[in-house]
Structures are given as C-alpha cells and as structure tokens.
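In mature numbering (1 follows the signal peptide of the UniProt record, and there is no 0), the protein residues as written are -26 to -1, 1 to 742.
The C-beta atom is built at its ideal place from N, Cα and C for all residues, glycine as well.
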Amino acid sequence: MKPLVTFIFGLTSFFIFVSLFTETVAEKDGVYIVYMGAAPKTKGSLRHDHAQLLSSLLKRNKNALVRSYKNGFSGFAARLSAEEAHSIAQRAGVVSVFPDPVLELHTTRSWDFLNYQTSVVIDSNPNSNSNSTSNDSGAIIGILDTGIWPESESFNDKAMGPIPSRWNGTCAKAQDFNTSNCNKKIIGARSYEDDETSVIKYQSPRDMVGHGTHVASTAAGSEVQGVSYYGLAEGTAKGGSPGSRIAMYRVCSPNNGCRGSSILAAFDDAIADGVDVLSLSLGAPSFFKPQITDDPIALGAFHAVQHGITVVCSAGNDGPDPGTVVNAAPWIVTVAASTIDRAFESDVVLGDNTVIKGEGINFANIQKSPVYPIVYGKSAKKKDADVNDSRNCNTNSLDQELVKGKIVVCENLDKTYANEHMDEVKQLGGIGVVLIDYDSKGMASSFGTFPMTVISSEDGPKVLSYINSTKNPVATILRTTSPTKYTPAPIIAYFSSRGPSTIPKNILKPDIAAPGVNILAAWMGNDTAEAPEGKDPPLYNLISGTSMACPHVSGIAATVKSKNPTWSPSAIRSAIMTTANQINNLKAPITTEKGVAATPYDFGAGEVSPTGPLQPGLVYETTAIDYLNFLCHHGYNITTIKTIANAIPDGFTCPKESSIDLISNINYPSIAITNFNEKAGRKVNRTLTNVAGDGNSVYTVTIDSPANLDVKVVPNKLQFTKNGDKSSYEVSFSAANPLKEDVFGSIAWSNGKYKVRSPFAVSSKRDN
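Quick look at the structure:
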C-alpha cells in the first residue's frame, strides 16, 4: 500500500499529515534503502562491498538504482523485490534494509521576544579563545525542506562578505531556478528527483509549498524592515543568524512528501558540501517510530555529527499526548514549540455589550456593533442529525434555514481544524463563527475575510448563557488586531510533541523549546491560495508548528559556531541547553497550554536564550565513545557498531554489562532515569569542560529536587584553572518510598558569573 499524503493549507499553519504504512523487509516490492554504515576514508569513493553489491544489482536490472550514498556514509536506495531486499539484508557489510519511508513536515517578533526574555549579560570583551568575529558570517546552515523562494527580500546579500572558501556545494539549475538565483546569502541549492513512480514530478530547488522559505528566513534571513501579514504583526523580519549563509536541500515535494532516500542523499551531500549546521523541520509521525538503523534522519544525523555538523530537528506536532516526541536520537538537538508575547485578537461583542476575548486572524468587514443574530449549533441542528455533530457544526448536521444570515456558535469537541467549522457554516449562508476550543489557545488560525474567532472553554458558557437568556440574541466579531506584550508568555504550544522519549527513555527529550506559534517569516511570492479575497499573495506569512521552532535554534547554533568555530556539536548543544530560561514574562514558571507548570517532558531544559549560549561557562562534551556506548546499551553488537561508525578507537568494545539503564550515564546535558528502584537507588556521572578561559574559578552546585526524591552530588564544588579543564561529579538518586509518578528537578553549577543548569527526570517505569 502506498503512503497516503494529505496536504492541509491554512494561513496560520501548514502541515503534511502522512498515513504511513511501512512493511517489514519481506512484505512488499518497491524502493528500499540499503544502509551500509561508514563511508570509506577516501572521499567520494565506494567501499569494496558497496561496489560489489551495486554491480550485482545493476547487472540484474540497470534501472534499479535510485541513488547511491558515498560521502558521509555508505549505501544506496534501489527498486527491489521483497525477495531481493531480504537477500541483501543478509549480506556482509549491510547494517539494515528498510522500505523508503515518507516523512512529514512539522509545520519578526519571536527574536525580539527571546532577547527581551533572556537575562544573560554578555561580556563586551569575551575571552580570546572564543575566536569571535565582528560578524557571524562564517556559519553555513543547511536546510532540508521544501525548497526556497530566492526572490524574497529576506535572502538579499547586501553587505555580506565573500562566500567561505571551504564551501564545496552547488547551485542547481532547473526550468524555474538558475545559478543566478543564488548569491552570497543563498550559496547552495539542490533538489532530489521524485521517485519514477510519482504521477507528478518536481525537480527544482524552488519552493512550491512555502514551508522551506519560511524556515530558511527564520534561521538566517537578512533584516527586512516594515514587513507584516496584511498589516498584522508589523515590524522587522530577521533570522536568528542574519549573517549566516543558507544551503537549501529540497527533499520534500508538494505531491510526494519527504522521502527517506532523498533525506539521506541530502545528508550525504551536505557533509561533502561543508555545512556547519543542518536544520530539519520534518520527521516521522509519532505513531511510527523506527529503530535507529531504519530511521533516515537518525542515520544521516549520526554521520553528520561525526563530521562536526550540528543537527537540529523539530520534535513533532503530535502533542500534548505524552511519549509523542520524535527525532530523539542523542546526537540530535530536538526542539519543542512555544508561544511568544504577541496575540492575534478577534473579540466577540454580545448584545449586552459583553466583550469576550477571541483568537484568530480575520479581515472581516462587518459592523463593530452587535447587530447580527447569533445561534448555538446545537439549536440549529437538522431533525435527523446527531446532537454532538451539530454542536461541532459537522457536515450535514445543521439546518440551513436556522443558520442563514447568522453567527453560529460551534464547539470543537472532535478537535478538528478550525477552518472545517467555517467551511460548513459558510456554505449554509452563515455570516460568522464563534468556535469554543480550549486546546488551540495561543495559536491563531486564519479565516481570510470571513468573520470567525476562537474562544476558550471557560468563556464558552458565557456566550451560551447570553444566547439562552435572550429572546433575540445578537453579536458581532471584531476584525483582528495584533497586540504585543501579551502575558503569560512563553507557553508550551498544545500541539508540541511531548516526552518521554521511547527510543529509549533514558535520554531526556525534547532538549529545548523555541517560538513556534504564529511566526512571521518569508513566503513564496505566488501563493494566491494564502491571500485573503481581493489581496495580493503574501510576501510574509504567519504559520505554526515545531517546524517554526526548529530554525530558531538552528540560527542560534550557527551564531554559536561562528563565534566558537572549534566547538563540537555536543558543546554547542550543551551551551544551548544549560543556559535556557524556565521563567515567563510574569516572572513565574513557564506553563503548558493548560496553565500547569511545564516539565522537562514539555520543554526539555527550557526556553532557548539567543545570547546565553555564546558564553555558557562550562559545557558537557558528549564524546564519540558516549555515542558508541549508547549503541551498545541500545542492543547493537560490536560488529554492527564498527560498520556504522566512521572511526572506532583502538581496543573499543561494548561494556560486558550493557543495558538500557546505562544509557543514563552517557555525558548528556540532562539526565533521564527509568526503571528506578527506590531501594537500590541509581548513580550517574557527568563531566564538565571549562570554556570560559584561563583563570581560577570555583563552581558550587545547587540542587532543585522534589520532596519524595533524595538527590546528592559529589563533590559539591568543581574547580577549573585553564580553558579546556575537565572536572567530573556523581549524582545519587534515592527515595524512601516507591515513586507513584515521574518526578523532575535540576542540578545547577554556578561561579557567580555563569550558571550551568541540567534538568533531570526520574521514572519507576521500565523502558520497553
């Protein structure tokens, strides 16, 4: 069965939902990915066993090969029968063979808000070891997405210096894309052909969806003043690292989703091209979590990190259910989504002059006075319709005579998209919709010129009470405004996928949160579908998703890399995590959409700081040995690991007592423990590296732990004298009684100037 891809377009959000049916190796014919681990040391050449397999394959079928991987890792994608796939999986040197999956996209003011939120003061003269420059122009961000719209002003290269000499990439030619579309901002653009079986093919780096353009400009767009979405959210658009360069790898197409074989090809090319950061706002849906050796993103990211590239991925849009986070491999920076302090307010005014706050983007041209009849969907139901269907305003549930000319109050009991309620009421002649929906709080959907707004479940009864107590109830819906300094902010977005991670649970994911709700950024210039009636296509668009959160962190990672070019991907991740914020703009703990305090399962280490990571003081270096031990503890044997990894230190073997529980002990900036037994307790070790320069400095620990968990750190002081000095500590967890639920806390080291904070999560549940 082929993947079913459904595209849902909206002005405030864009998602690709994929019904993904992946069979085991022996179940179907089609395109398979044959993953063979590390590439040979000679760049661009094939391993002998790789070359032999390809030769044998092409002799049987000269058209079988889809693409070959040889720069960052070895392997190929090919059209195989189920029998051939099963046979190849048994060959020496082959790590895994799996069907080519189709993954999904995880679809201005945000940077001003982040800078306002951060309380970190940056030295005007940081230590000389940071290798800082006056401009962050050294970093190259590779983006795997839907392509790019190069004509956007956000990609102008004014005042940018020469392209870095280490750049080895290319600017692809296509019917609608020329090398002249690249400049000193967009320095690379590649696309990957759709599969031959595709009905509609698209082979160009040009963005025909909008998503890639939006992501690229959020990460590294040039500063553009006076932009807005038709007058809303007006201000200056800029990326997180406006001096960085962009290399676009179009791996997703409007008709065929994001193929795993294309994603691996883009990783392979990006490694050879010389990018510093890779940003992926896409991933598997939460119901399909492949093993690491069957996951194109986890595999590609592993090899990219081995080549010194920081890989940042979105956490997914399947929240708020627990255990939905994806892209959770420990070498990936996994990003959750949060709101900013800007609202899109469209209020409801009732006939008694009560004003109910609503959210939504509409450019309705109706009277501000409450003169329009208003009716509850339940009261306008068809005789033979289900009551709950009419409350939802579902298709064929409402009586047209009772809806025509009225504002209709609908409820989102089925948690469907707001626009579906609008479409039903609109076609029946209704003139507006008030939707009662708690979960979408903070995320404004766009309704064009139709009068529609979304109110909370707390305010819903007020509207219904007015309708029921008034003989001829009337109301109006006000046109949208976009006030700032909205409180509280940030809030973790309801759609943001949550931990705990399940592959495995002993890595705490997501790592960090960043703005991902109603983000204004560049858009493709020919999208008439996104334009309200009578308007030109938008040059900048407002959309939501962890897709939007991811490039915020990618931009920060690029800035950190440009200021500290010798730092490893794990040092950059540590700097981002340990300097995060946990407090909102009311000076209270950051909350979820339900108003309860967020936990590390919601936002990892907290809300990202754009400046704190530049000078973190200390970092947790997750070494190559840590990742190898992770693979051992995850159940892979030493033979497989030696095939996967680019370089194995002499004498390395898997620990004799490898187990999932020991994953907690890799040198990660956070701590996750499962299968906790209060009688036995648990101990983990961590090592910190000084990056604050030479000079004697003593850090003292502070522990924030719940009352039912005893946490001890030994030693409680760490001393550093030189840049690069390392110092280790041990954390002991114990409890007097069994834990009834997962508990959270943090360990923070401070010398009075820097604070290095690590969250922890402890669970008595076993990891399955």
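- Beta-carbon to beta-carbon, ILE550 and ALA531 are separated by about 7 Å, close enough to satisfy the 8 Å threshold.
- As a beta-bridge residue in DSSP terms, TRP723 pairs with VAL675 and VAL730.
- Distances from the alpha-carbon of CYS384 to those of GLN374, GLY406 and LYS378 put GLY406 closest.
- With contacts defined as CB atoms closer than 8 Å, GLU333 and ALA310 fail to qualify as a contacting pair.
- Around the beta carbon of PRO435, fewer than 16 other beta carbons lie within 10 angstroms, which makes this residue exposed.
- Excluding its 5 nearest sequence neighbours in each direction, THR267 has C-beta neighbours in its own chain below 6 Å: VAL69 and SER70, listed in chain order.
- The DSSP-derived three-state label of GLU319 is strand.
- The shortest CA-to-CA distance from LEU254 to any of HIS608, SER528, PRO563 and TYR575 is the one to SER528.
- Looking at ASP485, ASN697 and ASN500, the one whose alpha-carbon comes closest to that of TRP541 is ASN697.
- By the Cβ rule, the stretch 272 to 281 counts as touching the stretch 236 to 248, because three or more pairs are nearer than 8 Å.
- The shortest C-alpha to C-alpha distance from GLU715 to any of SER320, ALA193, THR597 and GLU652 is the one to GLU652.
- For the pair PRO525 and ALA278, the Cα-to-Cα distance works out to about 17 Å.
- In the three-state DSSP reduction, GLU78 falls in the strand class (E or B).
- For ALA59, there is no enclosing beta strand (DSSP E); the residue is part of the alpha helix (DSSP H) that begins and ends at 56 to 63.
- Contact between ALA113 and SER215 holds, with the beta-carbon distance rounding to 6 Å and staying under 8 Å.
- Distance from the CA of GLY609 to the CA of TYR601, rounded to the nearest whole angstrom, comes to 13 Å.
- Using a Cβ-Cβ distance cut-off of 8 Å, the stretch 671 to 680 and the stretch 690 to 708 are in contact, since at least three pairs of beta carbons, one from each stretch, lie closer than that value.
- In this structure, the CA atom of GLN26 is about 31 Å from the CA atom of CYS226.
- For VAL279, the three-state secondary structure derived from DSSP is helix.
- Sorting ALA666, ASN558 and LYS568 by C-alpha distance to the C-alpha of SER583 places ASN558 at the top.
- Contact between the stretch 192 to 208 and the stretch 120 to 133 is present, with at least three C-beta pairs closer than 8 Å.
- Sixteen is the threshold: since fewer than 16 other Cβ atoms of the shown chains lie within 10 Å of the Cβ of HIS22, the residue is exposed.
- The Cβ-Cβ distance between LEU482 and SER644 falls below 8 Å.
- Exclusion of the five residues before and after THR284 leaves VAL251, ALA531, PRO543 and ILE546 as the residues of its chain whose Cβ lies within less than 6 Å of its Cβ.
- Take the alpha-carbon of ALA666 and the one of GLY591: they are about 5 Å apart.
- By a beta-carbon distance limit of 8 Å, HIS60 does not contact SER521. Their separation comes to about 36 Å.
- A distance below 6 Å between beta-carbons, with the five flanking residues on each side excluded, links VAL329 to the following residues of its chain, in chain order: ASP321 and VAL323.
- In the three-state DSSP reduction, SER128 falls in the helix class (H, G or I).
- For GLN401, the enclosing alpha helix (DSSP H) starts and ends at 392 to 401.
- Here the stretch 46 to 55 lies against the stretch 1 to 18, with 3 or more beta-carbon pairs under 8 Å apart.
- ALA449 and ILE381 have their C-alpha atoms roughly 8 Å apart.
- A Cβ-Cβ separation of about 15 Å leaves ILE677 out of contact with ILE647 under the 8 Å criterion.
- A residue is called buried when at least 16 other Cβ atoms come within 10 angstroms of its Cβ; PRO304 meets this threshold and is buried.
- Sequence-distant Cβ neighbours of ALA710 in its own chain, meaning closer than 8 Å and more than five residues away, are GLU652, ASN682 and ASP684.
- Assignment of PHE241 by DSSP, reduced to helix, strand and coil, places it in the helix class.
- Looking from the CA of MET498, the closest CA among THR369, HIS188 and VAL249 belongs to HIS188.
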